[in-house]
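Structure record follows, encoded as structure tokens.
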Amino acid sequence: MGYFDRIWRVVLTIPRGKVATYGEVARAAGHPGSARQVAWALRHPAAQGLPWQRVLGAGGRILLPGEAGLLQKTLLELEGVRFIGGRADMGRCGHRPRGLSASRSSNRSGCLK
12 MGYFDRIWRV VLTIPRGKVA TYGEVARAAG HPGSARQVAW ALRHPAAQGL
62 PWQRVLGAGG RILLPGEAGL LQKTLLELEG VRFIGGRADM GRCGHRPRGL
112 SASRSSNRSG CLK
């Protein structure tokens, strides 16, 4: 399986109404420290159809500028992701992709409307 394929597989495991960071996706794909490569993988034409909106910057920040960032936030809100102070509520909506330690609570109820 290729580098991007592993990243895409991890992104596909993020459930509706949940989010993960670029760094978490990179670690779960076996590429710690490769958060930027996750962004590149999600921009690749073969990544069409992936739930790209569920991957955020550290701390739940939307990193996409302008209309792309607004679209991402809108799509996530439609899935039930809550935002507090411009960041996704990672305590309620954060998802730890498989392969990561469970040091932070994930998949708690109350994220979806």
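Just so you know, our numbering puts 61 at position 50 of the sequence shown, and the rest follows in order with no gaps. For every residue, glycine included, the Cβ atom is placed at its ideal position computed from N, Cα and C. Keep in mind the model is a prediction, meaning the values are calculated, not measured.
Could you name the residues of the same chain whose beta carbon sits closer than 7 Å to that of residue i, not counting the 5 residues immediately before and after it, in chain order?
i: S15; result: Reading the sequence as shown, one finds Phe at residue 15 and not Ser. Hits under 7 Å: A52 and H55.
i: G77; result: none
Of all the options the options, which has the alpha carbon lying nearest to the alpha carbon of residue i?
i: R143; options: T32, Q59 and I18; result: The structure shown does not extend to residue 143, since the chain spans only 12 to 124, so no value can be given for it.
i: H106; options: L23, K29 and R17; result: K29
i: R27; options: Q83, G91, A69 and G96; result: G91
i: C170; options: G96, T85, R65 and G34; result: A question about residue 170 goes unanswered here, because the residues of the chain that appear run from 12 up to 124.
Give a yes or no on whether the C-beta atoms belonging to residue i and residue j are separated by under 8 Å.
i: L23; j: L61; result: yes
i: A58; j: Q48; result: no
i: G70; j: R98; result: yes
i: R109; j: A46; result: no
i: R17; j: G44; result: no
Taking 6 Å as the limit between beta carbons, can you name the residues of its chain near residue i, skipping five residues before and five after?
i: L74; result: G68
i: S117; result: Only weak support exists for where S117 lies, its pLDDT of 41 falling under 50; the value from the coordinates is given anyway. Contacts found: G105, H106 and R107.
i: K84; result: I73
Among residues of its own chain, excluding the 5 on either side of residue i, which ones have a beta-carbon nearer than 8 Å to its beta-carbon?
i: M12; result: R20
For the ligand NAP, is there any heavy atom lying closer than 7 Å to the beta carbon of residue i?
i: I25; result: Only the bare structure without any ligand can be found here, which leaves the ligand NAP out of the picture.
Complete alpha helix (DSSP H) runs within the segment 66-101 (minimum length 4 residues, chain order): 77-90
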